[in-house]
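Residue numbers (the numbering used here), protein chains in the order written: chain A, 1 to 399; chain B, 400 to 1272; chain C, 1273 to 1354.
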Amino acid sequence: MHPDWLWRNPSPKWSYDVVIVGAGGHGLATAYYLAREHGITNVVVLEKGWLAGGNMARNTTIIRSNYLWDESAAIYEHAMKLWEGLSDELDYDILFSQRGVLNLAHTLGDVREGVRRVNANRLNGVDAEWLTPEQVAEFCPIVDVSPDVRYPVLGATLQPRGGIAKHDHVAWAYARAADRLGVDLVQGCEVTGFVRDGDRVVGVNTSRGPIRAGAVALASAGHSSVLASLAGLRLPIQSHPLQALVSELLEPVHPCVVMSNHVHVYVSQAHKGELVLGAGIDPFNSYAQRGSVHVVEHQLAAALELFPVFGHAHVLRTWAGIVDTSPDASPIVGPTPVPGLYVNCGWGTGGFKATPASGWVYAHTIAHGEPHELNRPFGLDRFTTGALVDEHGAAAVAH
Amino acid sequence: MRLPAGGRIDRNAPLTFSVDGVTHTGYRGDTLASAMLAHGVLAGPSIHFGRPRGIVAAGVEEPNALVQVGPEPMLPATTVELTDGLDARTLAGRGRLVAPNDGYYDKTHAHCDVLVVGGGRAGLAAAVEAGRSGARVVLADEQPELGGSLLSAPDTWEWLDTVVAELASFPETRVLTRATVFGYYDHNYLSIAQRRPGGGRLWHVRAGRVVLATGAHERPLVFAGNDRPGVMLAGAVRTYLNRYAVRPGQRAVVCTTNDSAYATALDLLESGAEVLVADVRPEPPALAGVVASAGGSVRSGTVVAGTDGTPRVASVLLRGPDGRTETVHCDLVAVSGGWNPVVHLHSQAGGTLRYDESLAAFVPDASRQACVSVGSANGELDPVHALWTVPAEDGAWDTHFVDPQRDATVADVLRATGAGMRSAEHVKRYTTIGTAHDQGKTGGVATLGVLAEALGAGTPGPTTFRPPYTPVPFALLAGRDRGALHDPARVTPIHSWHVARGAQFENVGQWRRPWYYPLPGETMTEAVLRECRAAREGVGVQDASTLGKIELVGPDAGEFLNRMYTNAFAKLPVGTARYGMMCTADGMVFDDGVVLRLARDRYLATTTTGNAAAVLDHFEEWLQTEWPDLRVYCTSVTEQWATIAVVGPLSGRVVGALGAELPPSFMSFVDTTVRGVPARIARISFSGELAYEVNVAGWHGLAVWEAVMAAGEEFGITPYGTETMHVLRAEKGYPIVGQDTDGTVTPLDLGMDWIVSKRKSFVGRRSLRRPDTARPDRKQLVGLLPVDPDALLPEGAQLVAPGTPLDPPVPMIGHVTSSYRSAALGRTFALALLRSGRDRLGQVVHAPLSDRTIEATVTEPVFYDPEGTRRDG
Amino acid sequence: MLLIPCPWCGPRDEVEFSYGGAADVAYPPDPDALSDAEWGEYVFVRDNPRGPFAERWVHTAGCRRWFRAVRDTATHEFLEAP
């Protein structure tokens, strides 16, 4: 149940210490941690539409931290630890359910990659186990582990602490907490340009007039390139539709989260009872929040391969978000070549799970003018030096 | 109760069915809902509060009466055709998944000039008009028979029969019934779910133009206790009366904001019911007199302000224009809050909506695709007196249901606005209104109206609709792409032999490749050791047909290969072969393989099995988009050739026994014949042993394989699979792209400096001198020999420096990419990517596992025959 | 399911094509002459506009030809290629 009071609906002031563009999960978390961790409360979060109405409202709410590379494991595990205390910290039940995330292996290559990731995770302090097909069937009895399917399940990684949370609750919890600390949340206010003083960004022009800012921080996944281009900044980002769907409400049938890179599906059952499924991204660039139906058909064929019992379920609603994809499937969080302008983008299909850590390191970066150790590897400079954090191998359909 | 006459049911076809274990009878032509209503059967209770609920609507918009029919959950009883023996269970908002779906679902495609969605009055008119013009027409309707709302109006049935007959006479018109157009996608692409016996069919239609004749959904009124069984939509009551000959009540109160409910009132009167019309409009319409003369009464300016009765409605509280209230006994409340044009598909197609004050509803505004809305769907409806909420006498709002399926009331909306919510999307999410099975078909606009009222806003804000229009079975969308048809399985011409020989297979891309060939009673380890020994000591044979093969033809083929590969090919002599490697523009290893020069202007490039298509695409992309001036054609010939690798010190004798000419030297090839079959034989080795690769046309593959086996029999020729191939190549330190590399490894990291030309440019070269890519302490390919020669390092084991404390996060310096037991070495060994690996040769590293730590010595990655003497036999 | 105008085969369903991202990004004539930043820009950075976008497709399951098209990324409408 949601609280009786969430947030004010103030008019924007003419000046703030920090203007955050985008009231999605990352923007709201950034505002909260700026206020809470760094005492910076003269902050506004500007939202073109309605608060948390972009990808935050469209994702499949999977949370895990079992990433391959040290840099990724560190930031996602930081997020996991924040998730684990978040309901208490924000005094709002975000319905974080650590029911376990399985990543299925269907080829010998998948097995190798999975074992590698389990070993790396453990040494990085991320809980991880390797399951045999029999153990997969025990953990999630509805997965078909028989050898008869086209790509039989050869095993799986399991992160027991992984799971799901309720996206709206997360966004509203951060929003309420930020609002209480004095942050202004302004909806229906579109950023149309930047106010410059020489090279420096010193504010934004909006559909409700100009607003001065000590720093401007983009947190506008899906539209990062569009906003950055208003400041003359080109980002190594491409925008693609990412589709997902839910079934009607069903009695509990699926106890955990199952992801399969090879057959391209990921699925969990939400608290209310609907099955929530996602697939790979549509290949073409788009800002239209609509994808192609054959992607959904392929996704459901994959789902029925793995979960025969889903055969009688119905698709109740499909939708698409716009994801920022980066060349190495890793985010970009940090300062930009434009003084006064910070960017947080490129989380691709996996931004929801990172929400707390993304906000936490971004707030640190804005407060100190330089990145925290956790997000230092995720700067724009890596595309010049070649020091990519390439999660493609492990994240073909990551989320 | 069932009326003695009338309706479109077939009284000569009685059907038996059961609901929650109680048996009833109905007729062919009934829906489950009409048959339930005929027997006074209620819907399941509400999801949270367990409130009794009844059937409200007669179509897909039904918010309450969800049932489970056998294994199929969450079907609105209003959409289930009654069949004999049908066994339904009412649901409280949640269904059960209990069994796989063995139904038959398929997919088909259609193209047409005009797709008409909806077979009601407007849709039929449009389809006939289009059909007469000779256009290719598809008319799709969700009901078992055409007619839409006309099926509830007996005086139109004659016209209906005429039109349906005319449609049937058009050769280019296709009529789909039981076919719901559920999705409207880009470029006039629409999806139709058609229910068929034992399954369904998914139609994909690309339409020139689309006519949306999707009708309208009536919306309820929001008063206290509006969810009591017996409160129904007025239009639905008329449908049950006229189409199914079911009268849902004897004493009816009809409460309306518009003229449409008067038809219901009149039909109720004609069926013998008592009728009182409470018209919220202050002035009586002309129809009031008709009702009065038929024996009913009409009160203007009057609303239903509350209901009573358990579990069904037994009375309503009427409030007149003077505010005075009166209790009226009744067993049916037929309500009409107005009609919402079904704009779902228009909106899905990217069209915008406009709020129509006179209808208090959203109507289509601009279309973004080639479509037009007609009839009710376009707002051709009776004007209404907008009435979003009726206050209760006690001022409470907690039984004013806006979304009965979510048990959500006006009180919930007010709580949301009180919490600071301003956006309809927020309110929906806060209250969960509109998220249930009916997706707000009846309650959605009412919610917006209630919200506008609560916020003091003038008119409701618009909303958007997403596919599907009504729920679609997973199995329908999956279609036949399941099981063996989920993804094509590619097999070589020799596959049947492998199967007969008892090979175990692995999936490599779409290919099924022999993994190893166990003898009876043999474990995989034993089989692989035996296969390896045969290849090293005698002769082994592998089906290598899955390797990708691309022919590059043209005078600039050599120059093109020079640009694509890290090493040079332009000066490769005809009749010889060379191993090559390719990088992405990012400088990372992309693929590798041997390239043969067949003629001055002709090369054959081989690729890894899994990457063949990607390499061809890569070639074509660079050729066509960057260097169209180069005269080169690329052709995939992977499936044209069968490739048989004959490997081992005795391989020459086997191939020689086939009567073929043998290539003169390592990395050369000859075009010859094998048993009369044209063959290309190359001296190529992925094992370090003397080896011959026999290539023949695919259709000769099996025969030549069998000939090789026969010729090799006296030498103990042993077929081997991918696992043995991996061991043999790892003993030689040959990396496998995708196993020993992962997209972050350069040729230099692999220790293959020799393959990176310094004299020519190639794709990715510039990346190699970026600061990070040129770092000396990158991860490099090395060999590992476990200190315990029997200890097998798991592939994927992480490596740490000795003495590293194992408290997370533990600094890792690399990982094991390949690891095997070697027959030739008589011990285990591994390949690894190790930070500064080449500086650690001779040092010991640790692989900490969950239950133990394996120590291993870092070595050169070449374990076997480092001088390369064995390749010549 | 987009309907994509192949200049050689006519309009065909999206599933027959593969996407090639932004068009009009030429391979540098002399990569060695570029700074690390310039090279990184070439390899990784592409325009990503909301609105008309010049992009590349290849008719993989058809004529296998690459071509350039202009499509509005906000509406998916193919425009006349300038």
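Using N, Cα and C, we set each Cβ at its ideal position, and we do this for glycine too. Note that this is a predicted model, so its numbers are computed, not measured.
For R828(B), the enclosing alpha helix (DSSP H) covers residues 823-830. Between G522(B) and V610(B) a beta carbon distance of about 7 Å is seen, short of the 8 Å cut, so the two are scored as contacting. Of the candidates V315(A), G311(A), L380(A), the residue whose Cα lies closest to the Cα of C345(A) is L380(A). Chain order gives the chain B residues near A387(A) as D1171, where near means a beta carbon separation below 7 Å. The C-beta of Y916(B) has 16 or more other C-beta atoms within 10 Å across all chains shown, which makes the residue buried. Within the region 271-294 of chain A, the residues whose Cβ lies closer than 7 Å to any Cβ of chain C are, in chain order, P283, F284, N285, S286, Y287, A288, S292, V293, H294. One alpha carbon belongs to R1164(B), the other to D1304(C), and they sit about 9 Å apart. Separation of A404(B) and D554(B) (C-alpha to C-alpha, rounded to the nearest whole angstrom) is 15 Å. By the neighbour-count criterion, in which a residue is buried when 16 or more other Cβ atoms sit within 10 angstroms of its Cβ, G25(A) is buried.
The region 976-986 of chain B makes no contact with the region 1175-1183 of chain B, as fewer than three CB pairs between them are under 8 Å. Cβ atoms of A823(B) and L847(B) come within 8 Å of each other, at about 6 Å. A distance of 8 Å or more separates the beta carbons of T477(B) and I446(B). Per DSSP, V1199(B) lies in no beta strand (DSSP E) segment and is marked neither H nor E.
Where H314(A) is concerned, the enclosing beta strand (DSSP E) starts and stops at 314-325. Taking all protein chains in view, the Cβ of M1(A) is surrounded by fewer than 16 other Cβ atoms within 10 Å, so the residue is classified as exposed.
For F194(A), the enclosing beta strand (DSSP E) has its first and last residue at 191-197. Interface with chain B (8 Å Cβ-Cβ cutoff): T355(A) is excluded. In the structure shown, the three-state DSSP call for C931(B) is helix. Beta bridge pairing from DSSP links P475(B) with L465(B). Chain order gives the chain C residues near V226(A) as N1320, P1321, R1322, where near means a beta carbon separation below 8 Å. Of G1047(B), A1044(B), R1074(B), the smallest CA-CA separation from G1058(B) is found for R1074(B).
Under the DSSP assignment, K272(A) falls outside any beta strand (DSSP E); it carries neither an H nor an E label. Taking CB atoms only, Y1299(C) has a neighbour in chain B less than 8 Å away.
The alpha carbon of A156(A) has as its nearest neighbour, out of Y287(A), H167(A), Q135(A), S220(A), the alpha carbon of Q135(A).
Straight across, the Cα-Cα distance linking F1262(B) with D1189(B) is about 16 Å. Identification of residues in the region 293-310 of chain A having a C-beta nearer than 8 Å to some C-beta of chain B yields V293, V296, E297, H298, L300, A301, A302, A303, L304, E305, P308, V309, F310, given in sequence order. DSSP, reduced to helix, strand and coil, places R573(B) within a strand of the structure shown. Taking a Cβ-Cβ cut-off of 8 Å, the neighbours of P1303(C) in chain B comprise S1160, R1164, R1165, given in sequence order.
When DSSP states are grouped into helix, strand and coil, Q941(B) belongs to the strand group.
Across the set G125(A), P152(A), L123(A), V126(A), the C-alpha of P152(A) shows the shortest separation from the C-alpha of T132(A).
Residues of the region 166-178 of chain A that bring their beta carbon within less than 8 Å of a beta carbon in chain B comprise D168, in sequence order. Distance check between G109(A) and each of R1220(B), A664(B), T1216(B) places T1216(B) closest, using alpha-carbon atoms only. Taking the Cα positions, W914(B) is about 8 Å away from Y1119(B). Contacts with chain C (Cβ-Cβ distance below 7 Å) from the region 581-601 of chain B involve Y584, D585, H586, Y588, listed in chain order. Beta-bridge analysis with DSSP links A1229(B) to L1183(B), S1218(B). When C-alpha distances from P683(B) are compared across E669(B), G634(B), V674(B), Y661(B), the shortest belongs to Y661(B).
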